[in-house]
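Visitor:
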Amino acid sequence: MNSALSIRDLHASVGSVEILRGVDLDVGFGEVHAVMGPNGSGKSTLCHVLTGKEGYHVSGSALLDGTEVLDLDVDARARLGLLQAFQYPVEIPGVKLSELLREAAEERGVDPDETLARARELAERLGAVEFLDRSVNDDLSGGEKKRSEILQMAVLRPKAALLDEIDSGLDIDAVREVAAAVEEMRGPDLGVLLITHYSRILKYLRADRIHVMMDGRIVSSGGPELAEELEAGGYEALRQRLGLQPVTSAAERRPSDFFTDTPFDV
Ligand SMILES: Nc1ncnc2c1ncn2[C@@H]1O[C@H](COP(=O)(O)OP(=O)(O)O)[C@@H](O)[C@H]1O
Ligand SMILES: [Mg+2]
3 MNSALSIRDL
13 HASVGSVEIL
23 RGVDLDVGFG
33 EVHAVMGPNG
43 SGKSTLCHVL
53 TGKEGYHVSG
63 SALLDGTEVL
73 DLDVDARARL
83 GLLQAFQYPV
93 EIPGVKLSEL
103 LREAAEERGV
113 DPDETLARAR
123 ELAERLGAVE
133 FLDRSVNDDL
143 SGGEKKRSEI
153 LQMAVLRPKA
163 ALLDEIDSGL
173 DIDAVREVAA
183 AVEEMRGPDL
193 GVLLITHYSR
203 ILKYLRADRI
213 HVMMDGRIVS
223 SGGPELAEEL
233 EAGGYEALRQ
243 RLGLQPVTSA
253 AERRPSDFFT
263 DTPFDV
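3 is the number of the first residue of the sequence shown in the numbering used here; add one for each residue after it.
1) Where does E123 land, buried or exposed, given buried means 16+ other C-beta within 10 angstroms?
2) Using 10 angstroms around the beta-carbon of K205, count the other beta-carbons present and answer buried if the total reaches 16, otherwise exposed.
3) Would you say the beta carbon of I21 comes nearer than 7 Å to a heavy atom of ligand 1?
4) Please report how far the alpha carbon of T264 lies from the alpha carbon of R120, in whole angstroms.
5) Mind checking whether L22 and L12 have CB atoms under 8 Å apart?
6) What residues in its chain sit with their C-beta under 6 Å from that of A176, if we drop five residues either side in the sequence?
7) What do you reckon, are the CB atoms on G54 and L74 nearer than 8 Å?
8) Closer than 7 Å by C-beta to G224: which residues in its own chain qualify, once you throw out the five before and the five after it? Chain order, please.
9) In the DSSP output, what is R219 paired with across the bridge?
10) Pick out whichever of H199, A209, Y200 and V112 has its Cα sitting closest to the Cα of G193.
11) Quick check: is any heavy atom of ligand 2 less than 7 Å from the C-beta of Q86?
12) Which residue from R127, Y200 and T117 puts its Cα closest to that of G171?
13) Go ahead and pull the three-state DSSP assignment for V29.
14) May I have the straight-line CA-CA distance separating I220 from D28, to the nearest angstrom?
15) Measure how close the beta-carbons of K148 and V180 come, nearest whole angstrom, since I'm counting them as under 8 Å.
16) Return the chain-ordered list of same chain residues with a C-beta closer than 8 Å to the C-beta of K104, the five sequence neighbours on each side being excluded.
17) Take the Cβ of E151 as the centre, count every other Cβ of all protein chains shown within 10 Å, and call the residue buried at 16 or more, exposed below.
18) Return the residue from the list S18, L65 and H50 that minimises the CA-CA distance to M3.
19) How about L228 and V214: do their beta carbons lie closer than 8 Å?
20) Please determine, among E230, D166 and L244, the residue with the shortest C-alpha to C-alpha distance to L52.
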C-alpha cells in the first residue's frame, strides 16, 4: 500500500546555499508525524519544496499516494490532495472563506455543497462560524487564522497535510483546540506532517512518530520519548548525544535564526 507521503533523498538549495541535505521520510495513511527542529534547520523549506514553491533547486523524490509530485506545478499538487497550512497564513481581502472553500472543493472534485455544509458544522465546533462569511484571514488574530487553516484542511479532505508551526503564536488554550482539531481529522485517508518548534502541542495530540531535523537532515526518529528528551535537554543535548557538529557556527548565523514569533512555553 502507498504511503500518504514518501520522501527520498530530498535536496534543496537556493543559489549556492544547500538547505535540505538529503531528507528521507515516510508518512503512512492514518498517521500523524511530527517534525521538530531548531530554527533554521529547514523545516519550512521542506514544506515549501513539497508544495512546489519556486526559487529552489530541488532533487530527489516525493511521492504523494504513489505519484511523484516534484515535477508538478503547485496547483496540480494541491488538486492531487496535498495541502499546506501556513506558519504565517496569508490574508486575502475580498475573497470570502466560504467562496474559497467552494472553489477549492470543485477543483479537488469534492462536492461543494456537501463541503460547505461540513465546513459550517465544523466551524461551529471550532468557534469559527463568522470566519466563513469574512475575507480569508482578514483582520483575524493569530489563533483565529490557525483555526481558519484547520477548518480549510478538515473540509478539503487532503491526502497529505503539511502543518507548518500550526501552534506558533498561540496561547495554550488555542494550542489545545488546534491539537484537538488535528486529532479529529485523523483518518485512514490522510497522513499529517506536523512541523513544530516546541513539544507542547504533542502533549495534546498523539504523534505516531517524531522526527528531529537539524541542518537540513532528519537526524533522529522515534516515539514520544524523543520529544521528552528534547524537552529535558534541548536540541543541543541531542546534538551532543548524536555526535553532530553544527554546520554553521553561531557567529555565522543571523539574529533572526534564533527567534520565532512563538513565546516560550507558558
Ligand atoms: N530563499 C532563501 N534564501 C536563502 N536562504 C534561505 C532561504 N530560505 C531559507 N533559507 C535559509 O535556510 C535555513 C532554513 O530555513 P527554514 O526552512 O525557514 O528553517 P526552519 O523552518 O526550520 O526555521 C535558514 O538558515 C534560512 O535562513
Ligand atoms: Mg519555519
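C-beta atoms are modelled at their ideal positions from N, C-alpha and C, and glycine is treated no differently. Note that this is a predicted model, so its numbers are computed, not measured.
Guide: With the structure as the only source:
1) Result: exposed.
2) Classification of K205: exposed, given that the 10 Å Cβ count is below 16.
3) Yes, ligand 1 has a heavy atom inside 7 Å of this Cβ.
4) Legend: pLDDT at T264 = 42, less than 50; position of this residue unreliable, value from coordinates given subsequently. C-alpha of T264 to C-alpha of R120: approximately 31 Å in a straight line.
5) Yes.
6) Cβ neighbours of A176 beyond the five flanking positions: G145.
7) Going by beta carbons, G54 and L74 fall inside the 8 Å limit.
8) Shown here for G224: same chain residues with a beta carbon closer than 7 Å to its own, the five before and five after excluded, namely I212 in chain order.
9) Beta-bridge partners of R219 (DSSP): M216.
10) Comparing C-alpha distances from G193 to each of H199, A209, Y200 and V112 shows the shortest one belongs to A209.
11) Look at Q86: its beta carbon is at least 7 Å from all of the heavy atoms in ligand 2.
12) Checking every option, the nearest Cα to that of G171 belongs to Y200.
13) Correct three-state label for V29: strand.
14) If I take the Cα positions, the gap works out to 12 Å.
15) The C-beta distance from K148 to V180 rounds to 6 Å, short enough to meet the 8 Å contact threshold.
16) One point to set straight first is that residue 104 is Arg, not Lys, in the sequence displayed. Counting only Cβ-Cβ distances below 8 Å, and skipping sequence neighbours, we find P114, T117 and L118.
17) Note on E151: 16 or more other CB atoms within 10 angstroms of its CB, so buried under the neighbour-count rule.
18) Checked all of S18, L65 and H50; the closest Cα to M3 is L65.
19) The beta carbons of L228 and V214 sit closer together than 8 Å.
20) Comparing Cα-Cα distances from L52 to each of E230, D166 and L244, the minimum goes to D166.
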